[in-house]
Amino acid sequence: MMGVGRTERSEFRLVLIRVKELPELAGARSGRRNEIPQFIADGALASFRSRCFAVLRLICSIGRIDMFVGRLPRRGVVGLVLAMMFVGCSTGDAPSYALDKELARGSVQKAMQAWVGEKTPKDLQPDIIVGDTAWEQGKKLVSYEILADEETTDGSNLYIRVKRKIGSSESKVTYIVGTTPVVTIFPQ
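Structure below.
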């Protein structure tokens, strides 16, 4: 579901749940059972609007359907679906959050230093928000090494690998670091 926001996915799930009920309703009335096309159920279509049009085609193929307000002709169902389909759809792109790589690297360095210095994640707030459960549980960070050559980005977040030693165990952890609107650091 590339490019589909959390709100649109939620709306699609709601539409899909309702559509999954429609074949049973239509099948009970006409003696046949319509199947939901697998590509709708899998969510494999490229965009939210494409999924809405696929759902609309499915509803139109069913014919008359008993709904909450009683029997509606096909034209009424089509009009209702068209009206509801564009509610909440934005015309613009999703907001882009700029990434300041230097700030992200410096923030991870500062957070690791604070952990070694036996500070808590709350000591870094409000400048930096850290959500590492090992740190929050009070585990002691003995040493760390930021692996700059394993760093990646998706444009909004920086993925920084850190080799850390907690107690006697050593592990590599990838931290997801965002810098807009505030600096956030969470293990992957």
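Reminder that position 52 of the sequence shown reads as 53 in our numbering, one-by-one numbering, no gaps. Here a beta-carbon is modelled for each residue, glycine too, at the ideal position from N, C-alpha and C. This one's a predicted model, so the numbers in the text were calculated from it and none came from an experiment.
For residue i, name the three-state secondary structure that DSSP assigns.
i: E137; result: helix
i: A99; result: coil
i: P122; result: helix
In the DSSP assignment, find the beta strand (DSSP E) that holds residue i and state where it starts and stops.
i: G179; result: S170 to G179
i: K166; result: N158 to I167
i: P188; result: V184 to P188
i: D1; result: Outside the displayed span of the chain (2 to 189) sits residue 1, for which this structure offers no information.
Using the beta-carbon count (16 or more within 10 Å), is residue i buried or exposed?
i: A99; result: exposed
i: G132; result: exposed
i: G168; result: exposed
i: S108; result: buried
i: G179; result: buried
i: A149; result: exposed
Within the same chain, show all residues whose beta-carbon is closer than 7 angstroms to that of residue i, passing over the 5 residues directly before and after it, in chain order.
i: P182; result: none
i: D124; result: A115
Can you list, in chain order, the residues of its chain whose CB lies under 6 angstroms from that of residue i, leaving out five sequence neighbours each side?
i: I147; result: V163
i: Y145; result: M113, V163 and R165
i: T153; result: Y160
i: T175; result: Y160, R162 and Q189
i: V143; result: K166
Measure the beta-carbon distance from residue i to residue j and round it to whole angstroms, keeping in mind my assumption that it falls under 8 angstroms.
i: E137; j: P122; result: 6 angstroms
Using C-beta distances below 8 angstroms, list every residue in its chain close to residue i, excluding the 5 sequence neighbours before and after it, in chain order.
i: V184; result: L104, A105, S108, D128, I129, I130 and V178
i: E119; result: K141
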